[in-house]
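Protein sequences, first through last, are from chains A and B. Using this note's numbering, you'd call the opening residue of the first sequence number 1 and step up by one each time. Using this note's numbering, you'd call the opening residue of the second sequence number 1001 and step up by one each time. Just so it is clear, CB atoms sit at the ideal spot from N, CA and C, and this is done for glycine as well. First up is the structure itself, then whatever we jot down about it.
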Amino acid sequence: MELLRIEGAGKRFGDFVAVDGITLAIPAGRLTAIIGPNGAGKTTLINLATGALSPDSGAMHFKSEAITHLPVYHRIRMGLSRSFQIMNIFARLSVLQNILVPVLARRGRAGIPFHRMELETGAMTEARQILREIGLTVEENTAAGALSHGDQRLLELGIAIAPAPELCFLDEPSSGLTPVERSTVLELIRKLSTGRRTTFVIVEHDMDVVFSLADWIVVMNRGQVLAEGPPAEIRENRDVRDVYLGEELPA
Amino acid sequence: MTGRPSSRVAILIVLLVLALFLLPWVAGRYPVYLAMQILILALFSLGFNLLFGYTGLLSFGQAGFFAVGAYACAKILLAVPNLMLGLAGGVVVAGVAAFLLGILSVRHTRIYFSMLTLAFGMMIYSVAWKWRDFTGGDDGLVGIPRAPLEIPGLFSISMAAMDRYYYVVLVLSLLAIFAMYRLVRSPLGLTLQAIRDSETRAEFSGVPVRKYRLAAFTIAGMYAGLAGALLPPLENTVTPPIAHWSTSAEPVLATLLGGVHTFGGPILGAFLFLVIKDIIVRFTEYWLIWFGVIVVALVMGFPGGVMSIFAKRRS
């Protein structure tokens, strides 16, 4: 089944064309990686798909419904989600509360006044389940801003999957991590993509990661899709090798 | 962060409430009058801090809604001498005003939001000043009765004695404080705090951020309205200066004094603000200068507000 369809999406900032008429389909259940040099338009593409930016041209459909002009929160409710390249968590809230915010929103209970939080048992159970999955159960009551960088990355991932999305974009989920933390995060993504009904699309710079994790690779350059295909095919692609000239593609 | 107050804090609160109920028996007219002023400023500041400390929006225009509440209550009491009607009217009219101006204000954040609320506040100030037929212009509204608390045909309690009115102010304040306490600990309170910490992350968590900001703005306006509505039956007059931006500064200062990030901060701050002011005016007419010095010293000495002393001791 086709989850997301992007048709001729374009976005420019002044004279700079960030995304230049991209057409792309993301099917359900295929872990897709988007790679490309800096400024290729990867993050802009995520911003267009999730509604952080609105496109100058083109259209987007999610589960066959037009979402091109829907507000962000609406797309989240439909089953889209994302994490951010630059850390974006609720720093003053506890780890558990960080997860509770999207869980309550999805359950339509985010605006309930006066009701004691302890009585939101359904949301509490669901949030604690997510904490178990990302391995932050012990830190439940720690302020998110006080976590280590690696744990904040895990929390960010937890917030991204908390709306129970069908499609989740992860923008450089392992950036700034030590090799050990990096493999923890990647193992977690692998586990989540099989254990949950979530299709992940990750943007990554680390080629080892991309080629070991992804089922499908989309290579972007100068705002366009240069090539897409399974890892083995991309590895042999001449255009891709030209773009990554001097960089060693993993064998 | 999610914890309930410790038993020691609970005992302190019970003793405090008890003392407030006993106040008219042990103290003269002036302390009772001052206590009412403190309660009114505490409600005003609590509403302000729902916006500032919990939602991350610094409003400089809350005096506008305070004045709307006061004028609405005064007009109602001059027409129908029924205290409950006057107070409820003040809250509702201020809430409607906050909702309407909020639609425009919450489209912006940070300094733009602050400037916009300042402008709307001053707009209300000039309405109070210029709309002579309705507001009495610079003379204000005078002879506002301290109307009885009554439900026609059921009961009627005279409010002629100030002590009786004190109990109305006290009970309503305690109820409003309790309601706010429950509010900030509810899912709604959590969502507002999430918006404060990261607007983008909240939006991407599925929260329609602008609607929630508008809700917070409206509730803050209703608290300002309640605080304002409690004033005319006490003073028997309402004049335009209560809508001035310097009135908007009072909850800002009280909240900074007491502590932005604790629930009780604005309440403690309202107490400190009025007591310090009350003491200084006895010594000098240039009270504002000395008051400024003390506020600066306290804010620099306790960056998290005076309330942070208690928080530190507990941890």
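query: Measure the C-alpha to C-alpha separation of Leu-1174/B and Tyr-1223/B and round it to an integer number of angstroms.; result: 13 angstroms
query: Please state whether DSSP places Asp-206/A in a helix, a strand or coil.; result: coil
query: For the alpha helix (DSSP H) that Gln-85/A lies in, which residues bound it at each end?; result: Segment: none, Gln-85/A is in no alpha helix (DSSP H) and carries neither H nor E.
query: Please identify the residue among Thr-1262/B, Ile-1276/B, Ala-1229/B, Val-1260/B whose C-alpha is closest to the C-alpha of Ile-1040/B.; result: Ala-1229/B
query: Can you pull the chain A residues whose beta carbon is under 8 angstroms from the beta carbon of Ser-1198/B, in chain order?; result: Asn-88, Ile-89, Phe-90, Ala-91
query: If Ile-1177/B and Thr-1055/B are in contact, beta carbons under 8 angstroms, what's the gap, nearest whole angstrom?; result: About 18 angstroms; that fails the 8 angstroms criterion.
query: Interface residues of chain A around Phe-1099/B at Cβ under 7 angstroms?; result: Near Phe-1099/B there are no residues of chain A at all, since even the closest Cβ is about 15 angstroms away, more than 7 angstroms.
query: Note down, in chain order, each residue of its chain lying with its Cβ closer than 6 angstroms to the Cβ of Leu-1183/B, except the 5 sequence neighbours on either side.; result: Gly-1189
query: Considering only the alpha carbon of each residue, which of Phe-1217/B, Ala-1035/B, Leu-1192/B lies closest to Ser-1205/B?; result: Leu-1192/B
query: Measuring only the C-alpha atoms, how far is Met-1162/B from Leu-1234/B?; result: 8 angstroms
query: Excluding the 5 residues preceding and the 5 following Thr-1284/B in the sequence, name in chain order all residues of the same chain whose CB lies nearer than 8 angstroms to its CB.; result: Trp-1290
query: Nearest by alpha-carbon distance to Pro-165/A: which of Val-218/A, Arg-197/A, Phe-84/A, Phe-90/A is it?; result: Arg-197/A
query: Report the residue from Leu-167/A, Pro-163/A, Gln-152/A whose alpha carbon sits nearest the alpha carbon of Pro-173/A.; result: Gln-152/A
query: Taking DSSP as the reference, what is the three-state secondary structure of Phe-1263/B?; result: coil
query: Would you please verify whether the beta carbon of Thr-1239/B is less than 7 angstroms from any beta carbon of chain A?; result: no
query: If you draw a straight line from the alpha carbon of Arg-1132/B to that of Ala-1063/B, how long is it in whole angstroms?; result: 19 angstroms
query: Using C-beta distances below 6 angstroms, list every residue in its chain close to Leu-1141/B, excluding the 5 sequence neighbours before and after it, in chain order.; result: Ala-1074, Val-1238
query: What residues are listed by DSSP as bridge partners for Asp-1163/B?; result: DSSP, once it has assigned bridges, lists no residue as partnering Asp-1163/B.
query: Suppose the cutoff is 6 angstroms on Cβ atoms and the five residues either side in sequence are ignored; what does the same chain contact list for Ala-1202/B look like?; result: Ala-1194, Ile-1195, Val-1209
query: State the beta-bridge partners of Gln-224/A as determined by DSSP.; result: Asn-221/A
query: Kindly indicate which three-state DSSP category Arg-1314/B falls into: helix, strand or coil?; result: Bear in mind that the predicted position of Arg-1314/B carries a pLDDT of just 48, short of 50, making it too unreliable to give a figure here.
query: Tell me, please, whether the CB atom of Val-950/B is closer than 7 angstroms to any CB atom in chain A?; result: Only positions 1001 to 1315 of chain B appear in this structure, which leaves residue 950/B out of reach.
query: For Gly-58/A, name the three-state secondary structure that DSSP assigns.; result: strand
query: Quick check on this structure: which residue in Leu-157/A, Met-124/A, Glu-236/A has the alpha carbon closest to the alpha carbon of Gly-135/A?; result: Leu-157/A
query: When you compare only the Cα positions, how much space is there between Thr-199/A and Glu-2/A?; result: 11 angstroms
query: According to DSSP, is Ser-252/A helix, strand or coil?; result: Residue numbering for chain A in the displayed model covers 1 to 251; residue 252/A lies beyond these limits and cannot be assessed.
query: Decide if Glu-65/A is buried, meaning its Cβ has at least 16 other Cβ atoms within 10 Å, or exposed.; result: exposed
query: Out of Val-1091/B, Glu-1250/B, Pro-1187/B, which has the shortest C-alpha to C-alpha gap to Pro-113/A?; result: Pro-1187/B
query: By how many angstroms is the C-alpha of Gly-1061/B removed from the C-alpha of Val-1080/B?; result: 29 angstroms
query: Closer than 9 angstroms between beta carbons: that is the criterion. Which residues of the stretch 112 to 123 of chain A meet it against chain B?; result: Ile-112, Pro-113, Phe-114, His-115, Arg-116, Met-117, Glu-118, Glu-120, Ala-123
query: If you count every other CB in all the chains shown that lies within 10 Å of the CB of Asn-47/A, and 16 or more means buried, which is it?; result: buried
query: Please decide whether Tyr-244/A counts as near chain B, where near means a Cβ-Cβ distance under 7 angstroms.; result: no
query: If you count every other CB in all the chains shown that lies within 10 Å of the CB of Arg-1213/B, and 16 or more means buried, which is it?; result: buried
query: Taking 7 angstroms as the threshold (beta carbon to beta carbon), is Val-72/A in contact with chain B?; result: yes
query: Straight-line CA distance for Asp-1139/B to Gly-1047/B?; result: 29 angstroms
query: In whole angstroms, what is the alpha-carbon distance linking Val-210/A and Asn-237/A?; result: 15 angstroms
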